[in-house]
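Here the structure comes first, spelled out in structure tokens, and everything after it is commentary.
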Amino acid sequence: MGAKLSSTDTVVEQAPILASFTDLINQEGQVVSSTDFAGKHMLLMFGFSSCKRICPAELGMISQLLNKLGEAADKLQAVFITIDPKNDTVERLNEYHKAFDSRIQMLTGDEEVIRNVVNNYKVYVGESDSEGDINHSSFLYLVDADGRYVGHFAPDFDEYESQVGRLFDFVNKHLNS
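Position one of the sequence shown corresponds to residue 1 (our numbering), numbered consecutively onward.
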């Protein structure tokens, strides 16, 4: 599960610029880099497909966000990057992808490449437990259309319904600025 912050601490802006990513592979087997989304904002999420609670909830939230944004969603690319490249193969992500909005790109890749991206975004990733769950941070990272880090959003899953509205406000503000 991700870090739990108070409701007043869940939206953080004014953080350092983060590195881009290259040489990842999407759910269709295509090599992808952050420059492929140039001109669009990116909403990045890190997780794994066998996650039972947080990742599907967060992907559901992103799916709802894309629908709520309407035409403004064309300015945003939602990206899921696995923290479990050993198990999250292209085939597995292709199947997992079907449960969520088709506009979300799901990315995997070489373990070292994934580790570098995870480290660049300062994502916490713990060891997997006996059931295969991996404790990890659940922030959503927003990058602007020029590839600059804008801020991140930490959902409060105890208040799921209100979080979609808060995420919408956070993203929409930056899409229209």
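Even glycine gets a Cβ: it sits at the ideal position worked out from N, Cα and C.
Own chain, CB closer than 8 Å to residue i, minus 5 neighbours either side, in chain order
{"i": "E13", "result": "Confidence at E13 is low in this model, with a pLDDT of 47, below 50, so its placement is unreliable and no value can be given for it."}
{"i": "N67", "result": "A73 and D101"}
{"i": "S63", "result": "F100, D101 and I104"}
{"i": "I134", "result": "F48, C51, I83, D84, V125, G126, E127 and S128"}
Contact set for residue i: own chain, Cβ-Cβ below 6 Å, skip 5 residues either direction
{"i": "V113", "result": "D23"}
{"i": "K52", "result": "none"}
{"i": "V79", "result": "M42, L44 and Q105"}
Backbone secondary structure at residue i - three-state DSSP
{"i": "A73", "result": "helix"}
{"i": "N135", "result": "strand"}
{"i": "T35", "result": "helix"}
{"i": "Q163", "result": "helix"}
{"i": "V123", "result": "coil"}
{"i": "I104", "result": "coil"}
{"i": "S50", "result": "coil"}
{"i": "S128", "result": "strand"}
{"i": "A15", "result": "Per-residue confidence for A15 stands at a pLDDT of 47, beneath the threshold of 50, marking its modelled position as unreliable; the derived number appears in the next sentence. If DSSP states are grouped into helix, strand and coil, A15 belongs with coil."}
{"i": "L175", "result": "helix"}
{"i": "T10", "result": "Note that T10 has pLDDT 49, beneath the 50 cutoff, so the model's placement of it is unreliable and no number is given."}
Extent of the continuous alpha helix (DSSP H) run through residue i
{"i": "N119", "result": "E111 to N120"}
Own chain, CB closer than 7 Å to residue i, minus 5 neighbours either side, in chain order
{"i": "N26", "result": "V32, Q105, M106 and L107"}
{"i": "L65", "result": "V164, L167, F168 and V171"}
Inter-residue CB distance, residue i and residue j (contact presumed, cutoff 8 Å)
{"i": "I83", "j": "V125", "result": "5 Å"}
{"i": "L140", "j": "H174", "result": "About 12 Å; that fails the 8 Å criterion."}
{"i": "P85", "j": "G109", "result": "6 Å"}
{"i": "Y96", "j": "S49", "result": "4 Å"}
{"i": "V123", "j": "F21", "result": "Contact doesn't hold; Cβ gap of about 12 Å is too wide."}
{"i": "S138", "j": "E58", "result": "6 Å"}
Residue span of the beta strand (DSSP E) that contains residue i, given as start and end
{"i": "F153", "result": "Y149 to F153"}
{"i": "N26", "result": "L24 to N26"}
For this session: Only counting runs of 4 or more residues, tell me where the alpha helix (DSSP H) segments fall wholly within the stretch 73-97, in order along the chain.
Result: You should have 90-97.
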